[in-house]
Amino acid sequence: MMAFCALRKALPCRPENPFSSRCFVEILSVSLALVFLLPMPSDACDEPPKFESMRPQFLNTTYRPGDRVEYECRPGFQPMVPALPTFSVCQDDNTWSPLQEACRRKACSNLPDPLNGQVSYPNGDMLFGSKAQFTCNTGFYIIGAETVYCQVSGNVMAWSEPSPLCEKILCKPPGEIPNGKYTNSHKDVFEYNEVVTYSCLSSTGPDEFSLVGESSLFCIGKDEWSSDPPECKVVKCPYPVVPNGEIVSGFGSKFYYKAEVVFKCNAGFTLHGRDTIVCGANSTWEPEMPQCIKDSKPTDPPATPGPSHPGGIIAAIVVGVLAAIVVIAGGVYFFHHKYNKKR
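So for the sequence shown, our numbering puts the first residue at 270; every next one is plus one.
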């Protein structure tokens, strides 16, 4: 548009002579400028197609019909068998052809099963980008990478990590506890699934020791036991008393760890809470002690309404009639007897 305005200033055209040579030149110049400003159809192709398995050997800035682009396999890929075209040509309609992958994935070597373990391929193959997973048999643990990947290493295909090893699971001794002992304490090493059992020593005081926690521990992993060692300590709960209630089960003078007591309430009282309590590890009763609450005074039951059945009404009428007859008969008898006396 700026060129058009400049052109008008350079070549003025007088209105009184529109067909002069100078005016003709001006009109022609403006027409040519408009033609160049209009969008022109492209006679070139877009960028060459992109493929997962191939890449162009060389790239140009523009591509015209007939231009050809050669491809090569990307790292980790190799030409297909039978071979397919590894080029694409810019067509007259500004499209590329052919448009197909001509390379396939390379494969890594087969991995042997580790001793006391197995290897599996979740993708179902050992091709570039696939993975292999290792597992160990029961009683063994893995040392190394559990998952490895098929990848390019220089000019060859290789797995991302060396194959792992499967070592036997062993445990160190679980540890001694105060006032207690465990079986096979003379051993320095315990095998997988081997068990040790704890017990408490005899107490020198008035109260015995209670074993709090798991008494049996299992070797379940490398230096890993199924739980922490238990404790041997005195656990003694106070004598349980529930006002307006009594013990029905669990009688005793001393109540040690896990002692169980069952209550019931006296007549006229209702139990609120659990009727059974247990002596816990902290020498307290669990759950909280129940309560016996006095029952509230019962209210008089509401009067029961009389029968509403028609049969009851009829019976009442009959009884009333009979009573009236008896009264009348009695009156007649009384007056008749009095009359006979006067005669």
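Positions of the beta carbon are idealized from the N, C-alpha and C atoms, including for glycine.
Just so you know, these numbers come straight off a predicted model, no measurement behind them.
Rounded C-alpha distance that separates residue i from residue j
i, j, result
"K437", "W494", "15 Å"
"G519", "V510", "13 Å"
"I489", "G549", "29 Å"
"V503", "L486", "22 Å"
"Q420", "R343", "12 Å"
"G589", "I597", "12 Å"
"L470", "G449", "5 Å"
"G474", "K441", "33 Å"
"P317", "D394", "32 Å"
"Y390", "T407", "20 Å"
"D457", "D544", "48 Å"
"G423", "C377", "13 Å"
Residue range of the beta strand (DSSP E) that includes residue i
i, result
"R337", "337-342"
"I546", "545-548"
"P354", "From DSSP, P354 is part of no beta strand (DSSP E); its letter is neither H nor E."
"C314", "Here C314 belongs to no beta strand (DSSP E), and DSSP marks it neither H nor E."
"H541", "538-541"
"E436", "434-437"
"F409", "409-412"
"L480", "479-481"
"T466", "464-469"
"K502", "500-502"
"S533", "Checking the sequence shown, residue 533 turns out to be Lys, not Ser. Note, K533: beta strand (DSSP E), 529-534."
Cut-off 8 Å between Cβ atoms - residues of its own chain near residue i, not counting five sequence neighbours on either side
i, result
"Q360", "C314, P334, S366"
"S432", "L380, P381, P383, V388, F403, G413, V417"
"D564", "G537, F538, T539"
"S484", "T466, Y467, S468, P499"
"G542", "P556, E557, M558, P559, Q560"
Nearest residue (CA-CA) to residue i, options the options
i, options, result
"K527", "F538, V547, F346", "V547"
"L353", "G521, G345, E339", "E339"
"S496", "K502, T466, P475, G474", "T466"
"D476", "E515, M558, S522, S357", "S522"
"D268", "F320, F327, D336", "Absent from the model: residue 268. The displayed extent of the chain is 270 to 612, so no value can be given."
"C561", "G514, G386, L480, S429", "G514"
"E430", "V458, A401, T407, P447", "A401"
"P351", "P556, P391, R373", "R373"
"F356", "N385, S322, A592", "S322"
"Y363", "T331, G482, K319", "Sequence check: residue 363 is Asn here, not Tyr. Cα-wise, what sits closest to N363 is T331."
"I446", "G482, C501, E557", "C501"
"V425", "P443, P507, E341, Q347", "Q347"
7 Å Cβ shell around residue i - same chain, five flanking residues per side excluded
i, result
"K278", "The predicted position of K278 is uncertain, since its pLDDT is 46 and thus under 50; no value can be drawn from it."
"M349", "A371, C372, R373"
Chain D contact for residue i (CB, 8 Å cutoff)
i, result
"K563", "The question asks about chain D, but that chain is absent: this structure has only one protein chain."
Cβ distance (whole Å) where residue i is taken to contact residue j below 8 Å
i, j, result
"F532", "K505", "20 Å between Cβ atoms; not a contact."
"K375", "G345", "6 Å"
Same chain, Cβ closer than 6 Å to residue i, five either side skipped, listed in chain order
i, result
"K491", "Y410, I438"
"S472", "F478"
"P287", "Low per-residue confidence applies at P287: pLDDT is 49, beneath 50, and the placement is therefore not dependable enough to give any value."
"E463", "C488"
"F320", "E370"
"L396", "R374, A376"
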